[in-house]
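Novice: In terms of our numbering, the sequence shown opens at residue 487 and continues consecutively. Yeah, the Cβ is synthetic: ideal placement off N, Cα and C, and Gly gets one too. This structure is in structure tokens; I'll ask about it shortly.
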Amino acid sequence: MEQLESLKQAIATHALLRHSEQEPVVGGDGTHPLPFLFDLKRILGDPAFLRIVADSFWDRFDGTTPLQICGVATAGYPLAAAIVLRGAERGHSAHAIYVRTYRKTVGRLEKVEGQFTPMRTVIVDDLINTGSTASHAAHLLKERGAIIEGLFSVVALRDPATYQHSAIPLHVQTLFLANDFGIKLKPPSPALEVPYTTLWRFESGMPNLRHAVPKSAPVLDETTLYVGSDRGILWALDQKTGEVRWHYEVGLIPYRKGIFSTPALHEDSLYFGAYDGNVYCLDTATGNERWVYRDADWVGSSPAIAPTLGLLFIGLEYDLEGKKGGIAALRLDSGEEVWAMRDMPLYTHCSPLYIREEDAVVIGSNGGPVYCFSATDGALRWIYHTKGDIKVGLDYDPASRLVFVGSFDKKLHAIDASTGTIAWTFATRDAIFSAPRVRDGMVHIASLDKNLYALRVADGSLVWRARANTRLSASPVFSLGSLWIGGHDGVLREADPATGVTRSVLRFAERITNPVAIDERSGRIFVPTYDNSIHCVVKHTVSPTTYV
């Protein structure tokens, strides 16, 4: 008790910061002041305090060894090491592992570091607030076979009992509560993180983990899911079981990018591009090759289908100085080139938008230009210039005749489809790697600034803004009466499209950088994670009176 009291005094004196004009304490957006902040890293480098924490841990978990101690975030690492060392001195069998919020971009790119074993595991952290960090670690470890014994923290900002109602119940052991320091415990909030059943999970294997960007997204027909992979294989999976119906491997791929193109379906054919430089048409039933268009050096773009014209449009990339990008119109039945433009100065990774009402196809490119062509003959109608790369896709509103383009210049551009003149722009705080989506007089756009925005189509005025607290590069999806978007924190958010209010949260172990696919008949949600896995899940219904 005497040791804990000395630790409490050290926290109160050195690690509890209160906001003042002289020493401001601000929130995650860098602008709003926080009344207080526990910065326990200010004392957890002291061996005396680490020993107190470690002894307190073993006082609570004595007799439950062997254990795996999992440190999360930055402060959890020294805590886990200290607990293992002190445990050895006290005769306990334990070893430490560490969970990263995001993978490193060098080395082995691991999320779980150390000698992981599927055994009883205690997660340790300095502070627990919403529980999202620990929940992320719990999902990751449980997915690998660990048994989550509990969560140990130095300080908890809420009553520990409230964390037992999350999707993976967290049985919290904490040394102190916020009210031990004269700070009112945070009230419980509605349980937005809901449990779900995983019906199946498919792993393509050999993922390129250095590219945390939008890749090939899943598409559905009546019975099958189709998706490309980093290893250059297009997979056709049974929607009910996840079993492989067929697969098709493309040619030689550079940079381990494989297929970033999202397939497009038309009747009994499947169309996509690949980084071997080809565009493919396959039979949906068998995966047999119908035709191959060989012109580009790489194809990262996704095809747009114009059924009434019998054409598809797709962006092309070349290893040519000053002429690195282009677009081609190909016949759906034969792959014959009808028209093409190969004079874009930089790579064209963006996916084209076919606008039937305008008889036009619009595409963006690196460097910022937006091109509008006649869909029929490829005549250039106009060029509009943003000031940043345009990477993914665009959308169109037939009522206003506006084309919407998100750019790395941190703006959403609303462009008149007939003239190429700007109607309005909306500025975000970071680049836009997501495709805009128009619905009910609003255009929805996600940004790497960690916000999802809904704007009025008419004038670009803000209807609502929802903060996700993580980078968003996936594009929004409207289904089952909700808006769905995944984040780099591995969380799939379901929101009210009219207000942006979160309805539910489903947590996964890896980043979600692509849009999900949803079968509205069965309620199955197909979640692609950037490690080239597809998770087929069904969300559980949770009473709104459940709180965490």
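1) What does Arg-979 pair with, by DSSP beta-bridge criteria?
2) Going straight from the alpha carbon of Ala-574 to that of Gly-853, what length do you get?
3) Could you please give the first and the last residue of the uninterrupted alpha helix (DSSP H) stretch that includes Thr-619?
4) What separation, rounded to the nearest whole angstrom, lies between the Cα atoms of Ser-947 and Asp-541?
5) Kindly list the residues whose CB is nearer than 7 angstroms to the CB of Lys-628, restricted to its own chain and excluding five residues on each side of it in sequence; keep chain order.
6) My parser needs the beta strand (DSSP E) runs of 3 or more residues fully inside the segment 563 to 617; what are they?
7) Under 8 angstroms by Cβ, that's how I've got Arg-606 and Leu-553 pegged, so tell me the actual separation to the nearest angstrom.
8) So is Tyr-766 buried or exposed if we call it buried at 16+ other beta carbons inside 10 Å?
9) Residues bridged to Glu-839 by DSSP?
10) Going by CA-CA distance only, name the one from Tyr-734, Ser-690 and Asp-724 that's closest to Asp-716.
11) Whose C-alpha, out of Glu-599, Ala-582 and Ile-583, is nearest the C-alpha of Lys-590?
12) Check whether the segment 919 to 926 and the segment 875 to 883 are in contact - that is, three or more C-beta pairs closer than 8 angstroms.
13) Spatial neighbours of Tyr-757 within its chain, please: C-beta separation below 6 angstroms, excluding the five flanking residues on both sides.
14) Since Leu-493 is in the alpha helix (DSSP H), which residue starts that stretch and which ends it?
15) Shortest alpha-carbon distance to Lys-1025 belongs to which of Leu-571, Tyr-682, Val-570 and His-835?
16) According to DSSP, simplified to helix, strand and coil, what is Val-1023?
17) Label Val-592 either buried or exposed according to how many other C-beta atoms from any shown protein chain fall within 10 Å of its C-beta, with 16 as the threshold for buried.
18) How far does the beta strand (DSSP E) with Asp-945 in it extend, from its first residue to its last?
19) For Ser-968, which of Leu-723, Asp-982, Phe-912 and Leu-978 has the nearest alpha-carbon?
20) Which runs of the beta strand (DSSP E) spanning at least 3 residues fall entirely within the segment 751 to 803, listed in chain order?
21) How many Å lie between Ala-632 and Asn-615 at the Cα?
22) On the DSSP bridge list, what partners appear for Asp-881?
23) Judging by CA-CA distance, which residue of Val-778, Ala-900, Leu-643 and Lys-743 is the nearest neighbour of Asp-819?
24) To the nearest angstrom, how far is the alpha carbon of Gln-508 from that of Leu-520?
25) Which word fits Val-991, buried or exposed, when buried means at least 16 other C-beta atoms lie within 10 angstroms of its C-beta?
26) I'd like to know whether the C-beta atoms of Gly-801 and Pro-831 end up nearer to each other than 8 angstroms.
27) Please name the residue in Gly-562, Asp-762 and Leu-723 whose C-alpha comes closest to that of Pro-740.
28) So which of Val-641, Ala-498 and Gln-601 has the shortest CA-CA distance to Leu-565?
29) Only counting the same chain, and skipping five residues up and downstream in sequence, which positions put a Cβ closer than 7 angstroms to that of His-578?
30) Is His-697 helix, strand or coil by DSSP?
31) Quick test of your reading: Gly-811 and Tyr-833, contact by CB under 8 angstroms. State the CB separation rounded to the nearest angstrom.
32) Asp-781 to Thr-770, Cα distance in whole Å?
33) What are the boundary residues of the beta strand (DSSP E) that includes Phe-524?
34) Write down every uninterrupted run of the alpha helix (DSSP H) in the segment 700 to 751 whose length is 4 residues or greater and which is fully enclosed by it, in chain order.
35) Using only the alpha-carbon positions, how far apart do Leu-502 and Lys-494 sit?
36) Hey, quick one: how far does the beta strand (DSSP E) through Phe-638 stretch, first residue to last?
Specialist: Reading from the atomic positions:
1) Ile-971 and Val-991
2) 58 angstroms
3) 618 to 629
4) 56 angstroms
5) Ile-634 and Ile-654
6) 580 to 585 and 606 to 614
7) 6 angstroms
8) buried
9) Reading off the sequence, residue 839 comes out as Leu, not Glu. Answer is Val-848.
10) Ser-690
11) Glu-599
12) yes
13) Ala-750, Cys-767, Pro-789 and Leu-798
14) 488 to 496
15) Tyr-682
16) strand
17) exposed
18) Element bounds for Asp-945: n/a, residue is neither H nor E.
19) Asp-982
20) 755 to 759, 764 to 769, 775 to 780, 790 to 792 and 797 to 803
21) 23 angstroms
22) Phe-890
23) Val-778
24) Unreliable positioning characterises Gln-508 in this predicted model, as indicated by a pLDDT of 48, which lies under 50. A coordinate reading is not provided.
25) buried
26) no
27) Asp-762
28) Val-641
29) Trp-544 and Thr-551
30) coil
31) 5 angstroms
32) 24 angstroms
33) 522 to 524
34) none
35) 10 angstroms
36) 633 to 642
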